[in-house]
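Written below as structure tokens is the structure these notes are about.
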Amino acid sequence: MASCTRRRALALGGALAGAAALLPGCSSDPGAGRRAGTRPARPPRPGRLYADTATGLAVADLATGTVRATYPGAVPEARWGRLYQLADGRLRTWEAGSGRLAGDVAAAGEQIKAVSAGLVVTGPPPGPRDGTTLTLTGEGRPRTLRLDGNIEPEAFSPDGTTMYVLDLLPPNAPDRYRVRAYDLARRRMGPLQTRDKRAVPAGQEEEMRGRGRQAVLDPGQDVLYTLYTHQDSHLHTRDLAAGEDLSPGAHAFVHVLHLGRRWAYCLDLPAPFGLGPAAAHTLALGLAGLYVFDASSGRVVMASTQDLTISRSALLGRAGSPGQAGAGQARADGQAGQGEEAGQAGEAFAVSGGGQLYLAEGRRLLVCDDRTLALRAIWDLPGPARGLAFLGGELLAGAGEQVLRLDPATGARLGALILPGLRTLRHAEGATG
Numbered sequence: 001m002a003s004c005t006r007r008r009a010l011a012l013g014g015a016l017a018g019a020a021a022l023l024p025g026c027s028s029d030p031g032a033g034r035r036a037g038t039r040p041a042r043p044p045r046p047g048r049l050y051a052d053t054a055t056g057l058a059v060a061d062l063a064t065g066t067v068r069a070t071y072p073g074a075v076p077e078a079r080w081g082r083l084y085q086l087a088d089g090r091l092r093t094w095e096a097g098s099g100r101l102a103g104d105v106a107a108a109g110e111q112i113k114a115v116s117a118g119l120v121v122t123g124p125p126p127g128p129r130d131g132t133t134l135t136l137t138g139e140g141r142p143r144t145l146r147l148d149g150n151i152e153p154e155a156f157s158p159d160g161t162t163m164y165v166l167d168l169l170p171p172n173a174p175d176r177y178r179v180r181a182y183d184l185a186r187r188r189m190g191p192l193q194t195r196d197k198r199a200v201p202a203g204q205e206e207e208m209r210g211r212g213r214q215a216v217l218d219p220g221q222d223v224l225y226t227l228y229t230h231q232d233s234h235l236h237t238r239d240l241a242a243g244e245d246l247s248p249g250a251h252a253f254v255h256v257l258h259l260g261r262r263w264a265y266c267l268d269l270p271a272p273f274g275l276g277p278a279a280a281h282t283l284a285l286g287l288a289g290l291y292v293f294d295a296s297s298g299r300v301v302m303a304s305t306q307d308l309t310i311s312r313s314a315l316l317g318r319a320g321s322p323g324q325a326g327a328g329q330a331r332a333d334g335q336a337g338q339g340e341e342a343g344q345a346g347e348a349f350a351v352s353g354g355g356q357l358y359l360a361e362g363r364r365l366l367v368c369d370d371r372t373l374a375l376r377a378i379w380d381l382p383g384p385a386r387g388l389a390f391l392g393g394e395l396l397a398g399a400g401e402q403v404l405r406l407d408p409a410t411g412a413r414l415g416a417l418i419l420p421g422l423r424t425l426r427h428a429e430g431a432t433g
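Numbered per full-length UniProt numbering, the sequence shown spans residues 1 to 433.
Shown next as structure tokens:
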């Protein structure tokens, strides 16, 4: 099975990939052309940019373009208030905004497994084992947790009382896993609840076989959305309860986990999602809903975060196809069209902001209406896509080893930051000082 846990999935896409986008921006110009123009550079607003680079997690000053600090192997907490580093048996906590060292304590374990604003759990790297020893660091003295099975911590509840984990099965040769909850006070492992707050009956916990591609957190609702692809012979809890597969042909889904209420739900995605490369899939959270995009087929869907159903679908043109602005045909029934084929695609990225949805893959950037999914424009990037963010009425687009500042309505280039070794633009935020 894939060793990509939800923590690593978060590292791919950024825990707040959607939350940073919920800022006002410019209205779109449906007549925008394919190639973005250039405007005289204007001074950027004060802020910080976080990006994975060849040397570690870099923090760059948006106003000056300088890299203020680089943290090899650092893991951010979901709201980007703190960064955690584990090296040489020491766990260091950094204030993300100021760069101040806020903590430096001894910690066992080889990897940071899961973090929150106040808790960090460290442990062994993924691998076969029938028991797992973890170290929990936070308020008070570090605690040692010895758990049966092959356990990979993933996240914490907002109040810090529950640790969500992946329980890998069978533990010495895992090929599937289930999401469970560990009560830190009672030291007891148990199943999650269903969405209607019912306990999952024994033997009906769903076991997943897919790959966790990316995750985004809704910080206001404490809901974590994780995109899984390549689900082989997978049955959800509702399928097990019904005694039949209620969604045959689904090869990908979004796992919805409410961190505060301990319930989970799986939102199935229609084919061709999950048939193409995992890296060609991405998701983003916006004011209008949750978006999932598959660059290899060109299919994008929007789902309601209230009833967790797909409300709209559009075909935008698969990777490698020329595409034309306005050519995307949106459908309100959430169903895929006929004749779709998976193309060769690179890593895909998405962000929502200013009434638009931005999708990047390879050297192209697609601009869609965030409610109808109608394709408004296609812009060229000067290098392979390396991530997207929306901040202060500007679109930030990683391309090659630079981060472009773009006018969100026209795609005109407003400026750029050079980041040698750029791998992924993770997050951007404003700053008051």
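Just so you know, even glycine gets a beta-carbon here, dropped at the ideal spot from N, CA and C.
In the three-state reduction of the DSSP assignment, A54 falls in the coil class, being assigned neither a helical nor a strand state. For M163, the enclosing beta strand (DSSP E) covers residues 162-169. Between R363 and G383 a beta carbon distance of about 7 Å is seen, short of the 8 Å cut, so the two are scored as contacting.
Residue range 150-156 is occupied by the beta strand (DSSP E) that includes N150. Per DSSP, reduced to three states, the secondary structure at A278 is helical.
Rounded to the nearest angstrom, the gap between the Cα atoms of G109 and L227 is 28 Å. For Q193, the CB contacts under 8 Å within the same chain, skipping 5 residues up- and downstream, are A199, V200, R261, R262, W263, A264 in chain order. Secondary structure at F253: strand, using DSSP grouped into helix, strand and coil. Per DSSP, V200 is not a residue of any beta strand (DSSP E), being assigned neither H nor E. Taking 8 Å as the upper bound for CB-CB distance, G99 and L86 are not in contact here, some 18 Å apart. A389: member of the beta strand (DSSP E) spanning 385-391, first to last residue. The criterion of a C-beta distance shorter than 8 Å is satisfied by F253 and L269. Three or more beta-carbon pairs separated by less than 8 Å are not found between the segment 200-214 and the segment 181-188, which leaves the two stretches without contact.
For E95, the closest of G415, A69, A295 by C-alpha to C-alpha distance is A69. In this structure, P142 sits near T135, with a CB-CB distance shorter than 8 Å. The residues D148, G149, N150, P171, N172, in chain order, have a CB closer than 8 Å to that of D130 in the same chain once the five nearest residues on each side in sequence are set aside. Taking all protein chains in view, the Cβ of K197 is surrounded by fewer than 16 other Cβ atoms within 10 Å, so the residue is classified as exposed.
Under DSSP, T137 shares a beta bridge with V120. T424 is bridged by DSSP to D52.
Between L419 and E394, the CB-CB gap reaches or exceeds 8 Å.
Of the candidates F349, E207, G411, P277, E207 places its Cα closest to the Cα of L166. Spanning the alpha carbons of P219 and L169 requires a straight line of approximately 31 Å. At the C-beta level, L404 and A416 come within 8 Å of one another. Here DSSP, grouped into helix, strand and coil, assigns P174 to coil. In the DSSP assignment, S304 forms no beta bridge with any residue. In this structure, L257 sits near L224, with a CB-CB distance shorter than 8 Å.
Taking the Cα of V300 as reference, the smallest distance to any Cα among A271, S157, Q111, G392 is reached at A271. Taking the Cα of A314 as reference, the smallest distance to any Cα among L49, R371, G430, R92 is reached at R371. DSSP links P76 through a beta bridge to L83. Here F273 carries a coil assignment [DSSP, helix/strand/coil].
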